[in-house]
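See below for the structure under consideration.
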Amino acid sequence: MQHVTRARNHRPVVPCLEDGGCHPVPLELPRNRIPAQVWLRLLSVEERARRAARRALFRRGRLWAVAAAKVAAKEALKSETAAAVAAKAAKASAAVGAKAAKATATAAAKAAKATATAAAKAAKATATAAAKAGKISS
Numbered sequence: 002m003q004h005v006t007r008a009r010n011h012r013p014v015v016p017c018l019e020d021g022g023c024h025p026v027p028l029e030l031p032r033n034r035i036p037a038q039v040w041l042r043l044l045s046v047e048e049r050a051r052r053a054a055r056r057a058l059f060r061r062g063r064l065w066a067v068a069a070a071k072v073a074a075k076e077a078l079k080s081e082t083a084a085a086v087a088a089k090a091a092k093a094s095a096a097v098g099a100k101a102a103k104a105t106a107t108a109a110a111k112a113a114k115a116t117a118t119a120a121a122k123a124a125k126a127t128a129t130a131a132a133k134a135g136k137i138s139s
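Under my numbering, the letters of the sequence shown match residues 2 to 139, in that order.
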């Protein structure tokens with residue numbers, strides 16, 4: 002356990018686990034009254050790195066570019082999704098159209114076949130009847 006000492010002005014101190022030192026923090030004061038340097042020293046290493054990266058982005062004026070890139074990526078994803086949905090719908094309608102055309106063609110072929118069969122049967126029946134009539138008359 003780290004040794005917690007008291008500062009010269011007898012303010013309570015909080016041990017900083019990263020560097021092993023102790024930083025005086027007036028714990029009775031609210032966050033906005035704690036000195037900025039002290040507060041930053043108390044932050045975790047990850048939080049400090051994150052803030053430094055954000056500061057660098059702001060300094061270079063790149064934050065807006067990053068935000069714009071994110072928005073553009075989202076829009077591209079949306080449009081890509083919309084295009085995929087439209088393609089699926091077109092494919093489905095084409096499939097339905099093809100099925101309908103196939104069904105119509107099949108029905109027409111069946112009707113033609115039935116008509117041809119009926120005509121052939123009628124012709125055969127007529128020929129048979131004529132043959133029978135010829136036999137009977139002779």
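From the three backbone atoms N, C-alpha and C, an ideal C-beta is built for every residue, glycine too.
Task: leucine 44 (DSSP reduced to helix, strand or coil) - done: Your numbering for residue 44 matches position 43 in the sequence shown. In the structure shown, leucine 44 falls within a coil segment according to DSSP collapsed to helix, strand and coil.
TODO: May I have the straight-line CA-CA distance separating threonine 82 from glutamate 76, to the nearest angstrom?
DONE: Residue 82 sits at position 81 when you count from the first residue of the sequence shown. Residue 76 sits at position 75 when you count from the first residue of the sequence shown. Each residue's Cα considered, the two are about 10 Å apart.
TODO: Tell me, to the nearest whole angstrom, how far the beta carbon of arginine 49 is from that of leucine 41; I am working on the premise that it is less than 8 Å.
DONE: Within the sequence shown, residue 49 is the residue found at index 48, counting from 1. Within the sequence shown, residue 41 is the residue found at index 40, counting from 1. So it is a contact: roughly 7 Å between Cβ atoms.
TODO: Look at the Cβ atom of valine 67, then the Cβ atom of leucine 78, and state whether they are nearer than 8 Å.
DONE: Position 66 of the sequence shown, counted from the start, is the residue given in the question as residue 67. Position 77 of the sequence shown, counted from the start, is the residue given in the question as residue 78. Between valine 67 and leucine 78, the C-beta spacing is not below 8 Å.
Open item on the list: For alanine 109 and serine 80, I'd like the C-alpha separation in whole angstroms.
Closed with: Here residue 109 corresponds to residue number 108 of the sequence shown, with the count starting at 1. Here residue 80 corresponds to residue number 79 of the sequence shown, with the count starting at 1. Going by the C-alpha atoms only, they are around 43 Å apart.
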